[in-house]
Each structure stands twice: as C-alpha cells, then as structure tokens.
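Worksheet: one structure, shown below.
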Amino acid sequence: MALAALGSLGLLVIGSIPTVIGVAEAIDAQKKQNAQAKERIKFHLTVKLSPGPDLPLQEGTVVLKDGKVYLDHPAHPVSGYKFNGFYFGYPGPENHQGMVSMASDDPPALHWIYVDKDTGELRHGSRGATAGHVIGPWNWSEDEEFVVLENSPYFFAVEEDDGAWSLYHDQSKKLVEKLAPRKVAVILLHRELQLGVSSRMVGGKEK
Ligand SMILES: *[C@@H]1O[C@H](CO)[C@@H](O)[C@H](O)[C@H]1NC(C)=O
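Numbered by mature numbering (1 follows the signal peptide of the UniProt record, and there is no 0), the letters in the sequence shown go through residues -26 to -1, 1 to 181 in order.
Below, the structure is given as structure tokens:
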C-alpha cells in the first residue's frame, strides 16, 4: 500500500514536469502578447507649448498635413489629420520599432512617421517615402507618457513663415543653428492613450 502510494507520487512528480514547463511557456507567451498589446494601443499626441516669452503654456495637438507634421495650437491652428497612431515593427534588417499613424480616412491610409535625414523635419508617408530617412527606433519614455525617438524624448517645434509650428527631431544638435532665426521650442510629445486603457494596466510591470 505504502509502495503503491510512493509509486503514484513518483508518477505525479514526473508527470508534473512537463506541466511546469507548459506554464512557464504560457507565461512567456502571455508576456509577449502583453508587450505587443502595449505597442498596439493607439494614441494621439499633444504638446504643451508657450507661443512666446512670458506667455502661458497652451496645449496643441499633433496633426499630419501635406507630408509634414504640425502642431494644431491655439496660437496658430492648423487643420490637418489628427495624429492617430501606434508602434509597428518597421520591415528591415535592423528590426526597428517604427511608428505609424492614420493619415486619411477616405481612402484609408496608414503612414510611417519618419525624420527627413537632410532637414530634420518630421514627415509622414508610405514605406517608399521613408527610404534613406530615420524611421526609428521609436519607443516610449520609462513612465510611458512620452514618445522617444533614437533614445531621445526631445523634439523641436519650429515656427514656419506662415506662423504654423512644425515638428523636427535632430540628434546632431546642429539643427537649431540651421533653423535660426526662426523661433524654435524644445518640446515633448505626450501620448494620449485611447480606449481609456492605460498602457500600464496592459503591461506586465506593476506601478
Ligand atoms: C523602450 O523603452 C523602455 C522604457 O524606457 C525600455 O525599457 C526598453 O528597453 C526600450 N526598448 C528599446 C528597444 O530600446
């Protein structure tokens, strides 16, 4: 009787090993799925910007227009397509995380957001348009509130001749000199997550 019990216990132990591995695999798959779900959460982008010295910060919304990326700001409204995007792997040998946004509804178009390598301006376009330019890696800040490009959360809003603010990103830091005497503001792009779901709740990390 005791022997039989031991026998069945031994069987139980052996039998449980594949189960344990199965659970670990399931957790791993779940983590991957969570990470992917986090990348796929759609968001709008907002920017707090003071339109001039001694003027209070006002919130603008990032919009896409004619291949460029603008700030629709109370001080200078721009009517474009409101950025509505998410992260997506850019097909290429580097396997970078890209960022896409809807750019029109009719016909529906999904565009890559990229930086023109010559001018530093943020642009949007088809994959063909991105060739040779900076397509990523895009990411989010540690607190997940802001967009990060090439490990930097800092972007520039630059006042165009018509007064509209357009967005730039340049790691070389020479851009500001190049853009002078235009007005240049250092900005952060805030992710306004949609669906009322915080990415923190989707992620594996508790905060
Ligand atoms: C993206 O950012 C997060 C948070 O800052 C970091 O943990 C992660 O390693 C980054 N991913 C890449 C591919 O750089």
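Even glycine gets a Cβ: it sits at the ideal position worked out from N, Cα and C. Values in this document were obtained by computation on a predicted structure and should not be read as measured data.
Asked, Found
"Residue from G102, G137 and K6 with nearest C-alpha to G41", "G102"
"Any heavy atom of ligand 1 nearer than 5 Å to the CB - residues listed", "N113 and E116"
"Proximity of I109 and V21 at Cβ, strictly below 8 Å", "no"
"Own chain residues within Cβ distance below 8 Å of K91, not counting five before or after", "G106, H107 and V108"
"Residue range of the unbroken alpha helix (DSSP H) whose run includes E133", "Careful: E133 lies outside any alpha helix (DSSP H), inside the beta strand (DSSP E) at F129 to E133."
"Counted within 10 angstroms of its Cβ, other Cβ atoms place S24 as buried (16 or more) or exposed", "exposed"
"Backbone CA spacing between R14 and P51 [nearest angstrom]", "29 Å"
"Entirely enclosed beta strand (DSSP E) segments - the segment 26 to 53, minimum 3 residues", "32 to 39 and 42 to 46"
"DSSP three-state assignment for N56, whether helix, strand or coil", "The sequence shown places Lys at residue 56, not Asn. Three-state result, K56: strand."
"Best match in W114, V37 and D28 for proximity to S78 [C-alpha to C-alpha]", "V37"
"Whole-number beta carbon distance between H47 and G34, since they are thought to touch under 8 Å", "3 Å"
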